[in-house]
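As structure tokens, the structure follows; a few thoughts come after it.
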């Protein structure tokens, strides 16, 4: 039997200033408007903020976050009941010099404490792997375990269990050289596939792993810059083949000023198959997964195929209507004078998207990192965006001030263990699918968070939760029936993999 743990955390009242405009709602419904509230703006207003990643590093039940600062190292904010304190320096994280372009949380040594990889954007500076010393501090063990990744300009870093042996392997995207894949053997890393895909050079910025063809192993989508074509490496038992040209997903012939910057994985049409949004310099792209091993491009048809110099993207159901929405960070203007031009694409029931950012002007403040997280555990997902360019910047956090009754129309699901890429689906009592989420393998902007997956729900009726693990023996699914979201209001439904991986 699978062990199931339900945890509930109280919703904490935050001293915040309410801002933002309401969404258009019918006057007859008399529903309170949706709004967002700025959290600790003076604390978080640090220029040069680039990448943000969230995790409960101290295992106290609430989500903390790390943020990289251009020329200012890494800040680590501990969450104490909704109030954040920077403890990075005292915990052993660097607080000066360097440029970290990627932050990824993952338990590489399988000791139950989440560690933090920090990728250096300078080829002259090694990357760092900060081992979590039982929540008391961090120590850099990158050289000791073979993961300094020398000569690289870091972008996305992915923790994934590629060989199904229960520990986290590592993929390093490189803006100026070959991407690299490392196998984890009892906490020590060895480069593999050194001369074969997916070790390639295409000025990669975004890398997303997902089982797109649902054959039981993780495949790899690469978002490539400087006019390079994108790639989709199909994984066939550890051998990788770029099928993007055959599927029409490579986008060849782009100008050197154009390229893909990231990737965000989500099931926007609630058909049970994972789709991919690609923010781009040039027109954005939305790849709809057919469920039969292929994709079709739907960006223009769905209203997200704009050309907005997009950088980061993250899916999240901010209004709890059961359809994931999409936030995209972008900027315009010459170097040193860039200003944010963001988009909040509301999902119109799978039929298209409408940009409603003008209704929430407070949110138009980021140009790099973006993450949806429920940091206060109230069932409404909150938003963080980072501004890294220009003299004014920050890692701005906005609480979703959704009415309590609507916030409770949600379910958070936490899949324990080292299983990025795990898929979680909700089903109605009649067996029809409601929505699909993936445990993150990386996204936002060069980040990998470890957080519960969030489902907005049109009703609060019981659902079936189906979890699909991508294992060394293929796809393994276990289902849990009659899960009542009301039992987890203000908390999460937590699932641990079977002991020893036995299904």
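Residue numbers (our numbering): -17 to 485.
The C-beta atom is built at its ideal place from N, Cα and C for all residues, glycine as well.
Predicted model only: the values in this text are computed from it and were never measured.
Contact between the region 49 to 60 and the region 394 to 404 is absent, with fewer than three C-beta pairs closer than 8 Å.
Under the 8 Å Cβ criterion, the region 142 to 162 counts as touching the region 182 to 189, having at least three qualifying pairs.
An exposed status is given to residue 410, since fewer than 16 other beta-carbon atoms sit within 10 Å of its beta-carbon. For residue 145, the closest C-alpha among the options 468, 461 and 454 is that of 454. In this structure, 268 is the residue among 268, 289 and 285 with its C-alpha nearest to the C-alpha of residue 279. In the structure shown, residue 479 adopts coil according to DSSP, grouped into three states. Residue 47: member of the beta strand (DSSP E) spanning 46 to 51, first to last residue.
Annotated three-state conformation of residue 357 is coil, per DSSP.
Note on geometry: alpha-carbon atoms of residue 468 and residue 47 lie some 28 Å from one another. The DSSP-derived three-state label of residue 320 is coil. With contacts defined by Cβ atoms closer than 7 Å, residue 443 and residue 19 do not form a contacting pair. Per DSSP, the beta bridge partners of residue 82 are 102.
Below 8 Å, too few C-beta pairs join the region 241 to 254 and the region 160 to 180 to call them touching: fewer than three.
One thing to note: residue 256 has its Cβ no nearer than 7 Å to the Cβ of residue 231. Just measuring C-alpha positions, the residue of 291, 300 and 343 sitting nearest residue 314 is 291.
Contact annotation, residue 377 with residue 34: C-beta distance approximately 6 Å; criterion of less than 8 Å satisfied.
Taking a cut-off of 8 Å for Cβ pairs, the region 447 to 461 and the region 108 to 121 do not touch, as fewer than three such pairs fall below it. DSSP places residue 420 in no alpha helix (DSSP H) but in the uninterrupted beta strand (DSSP E) bounded by 415 to 420.
The region 329 to 341 makes contact with the region 271 to 287; the number of CB pairs closer than 8 Å reaches 3 or more.
The Cβ neighbour count for residue 418, taken over all protein chains shown within 10 Å, is at least 16; the residue is labelled buried. By the CB criterion at 7 Å, residue 311 and residue 260 fall outside the cutoff. The beta carbon of residue 172 lies closer than 8 Å to those of 128, 164 and 165 in the same chain, with the five residues before and after it left out. With respect to the 7 Å criterion, residue 242 and residue 206 are classified as neighbours on the basis of their beta carbons. A distance below 7 Å between beta-carbons, with the five flanking residues on each side excluded, links residue 122 to the following residues of its chain, in chain order: 110, 111 and 112. In this structure, residue 423 lies near residue 142, with their beta-carbon atoms less than 7 Å apart. Setting aside the 5 residues that flank it on each side, residue 50 is surrounded in the same chain by 32, 33, 56, 82 and 85, each with a C-beta closer than 6 Å to its C-beta; the list follows chain order.
Taking the Cβ atoms as the reference, residue 355 lies roughly 5 Å from residue 433, within the contact range of under 8 Å. Annotation: residue 268 is outside any alpha helix (DSSP H); the continuous beta strand (DSSP E) that includes it extends over 267 to 271.
Looking at the backbone, the Cα of residue 374 and that of residue 350 are separated by about 13 Å. Annotated as proximal: residue 119 and residue 73, with beta-carbon spacing under 7 Å. An exposed status is given to residue 317, since fewer than 16 other beta-carbon atoms sit within 10 Å of its beta-carbon. At the C-beta level, residue 406 and residue 435 come within 7 Å of one another. Around residue 389, the same chain offers 360, 361 and 362 as residues with beta carbons nearer than 6 Å, after the five sequence neighbours per side are excluded. Assignment of residue 386 by DSSP, reduced to helix, strand and coil, places it in the helix class. For the pair residue 176 and residue 161, the Cα-to-Cα distance works out to about 9 Å. The Cβ-Cβ distance between residue 87 and residue 114 does not fall below 7 Å.
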